[in-house]
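S.K.: Numbering (this note's numbering), first residue to last: 12 to 300. Ideal Cβ positions, reconstructed from N, Cα and C, are used throughout, including at glycine.
Here it is in structure tokens:
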């Protein structure tokens, strides 16, 4: 079982986390996507730790067991600053594994705000110039019940299954509780609705500034090895978008995971974890300190 941790981020926000493995081992920091929690990495973190690495999984501000921002500050720069605070508490620079929002956070931090803070980056189904149709589908899914919640876990399972038609509907509906908060007999997503509400908070609008993010990636790939892991049926990072990204940054490694959509680790955790382990254990890619 992992060790439960707590970190302090920007503006004194408390950030929840778990550590898998020995603190003396080289760190791998897993950053979830928007609307998810650190629990989405459980299988991958345990596997990485079993190979002699320290795996840290973090709840981003406004998600999971981390504090919600009183001011609704969910700008990408704030997520990145939180991460900078956390990494300052580690004994050595980590490899960052970031899915979607976590990947964009990694880009901005390592390529603009704090170059040299990491020694490797894995981008999980995210590039700066993502497919807008896919991005809108994610946004619509997240905001549809963000305030009103759900009557039952069955209702949550139905909605998740409709969003992920390539994945079998879960039979373990109790397992959905880790991504939900129960209040007054209803279930709500385990994230602050202000995160996706332009009228209530400060959203991560930097994700639409592709020029800024491409500039960050250019600096990032000049400093550290980078791997892009795509879900082959993803509608956010299409085959064309992935090819454009690799052509623009030819030193970036690439793994295309069959049978996986945008939630690569959830869809094909076996293939995803194998790709991560191959990357971090390649001596000419990410040597241990």
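Short check: CB of residue 21 to CB of residue 89, under 8 Å?
M.R.: Within the chain shown, residue 21 is the residue found at index 10, counting from 1. Within the chain shown, residue 89 is the residue found at index 78, counting from 1. Cβ atoms of residue 21 and residue 89: closer than 8 Å.
S.K.: Quick check for students: name the residue ranges of the alpha helix (DSSP H) that lie wholly in the stretch 238-265, counting only runs of 4 or more.
M.R.: List check, alpha helix (DSSP H) in window: 250-259.
S.K.: Alpha carbon to alpha carbon, what distance is there between residue 251 and residue 200?
M.R.: Looking up residue 200 in the chain shown gives position 189. Looking up residue 251 in the chain shown gives position 240. Going from the Cα of residue 200 to the Cα of residue 251 covers about 32 Å.
S.K.: Using the Cα positions of residue 72 and residue 269, report the straight-line distance between them to the nearest angstrom.
M.R.: As a working note, residue 72 is residue 61 in the chain shown. As a working note, residue 269 is residue 258 in the chain shown. About 31 Å.
S.K.: Does any CB atom of chain C fall closer than 8 Å to the CB of residue 280?
M.R.: No chain C appears in this structure, which consists of one protein chain only.
S.K.: Which word fits residue 235, buried or exposed, when buried means at least 16 other C-beta atoms lie within 10 angstroms of its C-beta?
M.R.: The residue given as residue 235 occupies position 224 in the chain shown. That one is buried.
S.K.: Starting from residue 287 and walking both ways along the beta strand (DSSP E), at which residues does that stretch end?
M.R.: Here residue 287 is taken as the residue at index 276 of the chain shown, counted from 1. Run containing residue 287: none in the beta strand (DSSP E); it sits in the alpha helix (DSSP H), 280-292.
S.K.: Can you tell me where the alpha helix (DSSP H) with residue 152 in it begins and where it stops?
M.R.: Counting from 1 along the chain shown, the entry for residue 152 is found at position 141. First-last of the alpha helix (DSSP H) with residue 152: 143-155.
S.K.: May I ask you to report which of helix, strand or coil DSSP gives residue 38?
M.R.: Counted from its first residue, the chain shown places residue 38 at position 27. Reduced to three states, the DSSP call for residue 38 is strand.
S.K.: Span of the alpha helix (DSSP H) holding residue 161?
M.R.: Counting from 1 along the chain shown, the entry for residue 161 is found at position 150. Here residue 161 belongs to no alpha helix (DSSP H), and DSSP marks it neither H nor E.
S.K.: Looking only at DSSP bridge pairs, what is residue 192 linked to?
M.R.: Here residue 192 refers to the residue found at position 181 of the chain shown. Paired residues: 199.
S.K.: Here's the rule I'm using: 16 or more other beta-carbon atoms within 10 Å means buried, otherwise exposed. How should residue 97 be labelled?
M.R.: Sequence index remark: in the chain shown, residue 97 carries index 86 (1-based). With 16 or more Cβ atoms within 10 Å of its Cβ, residue 97 is classed as buried.
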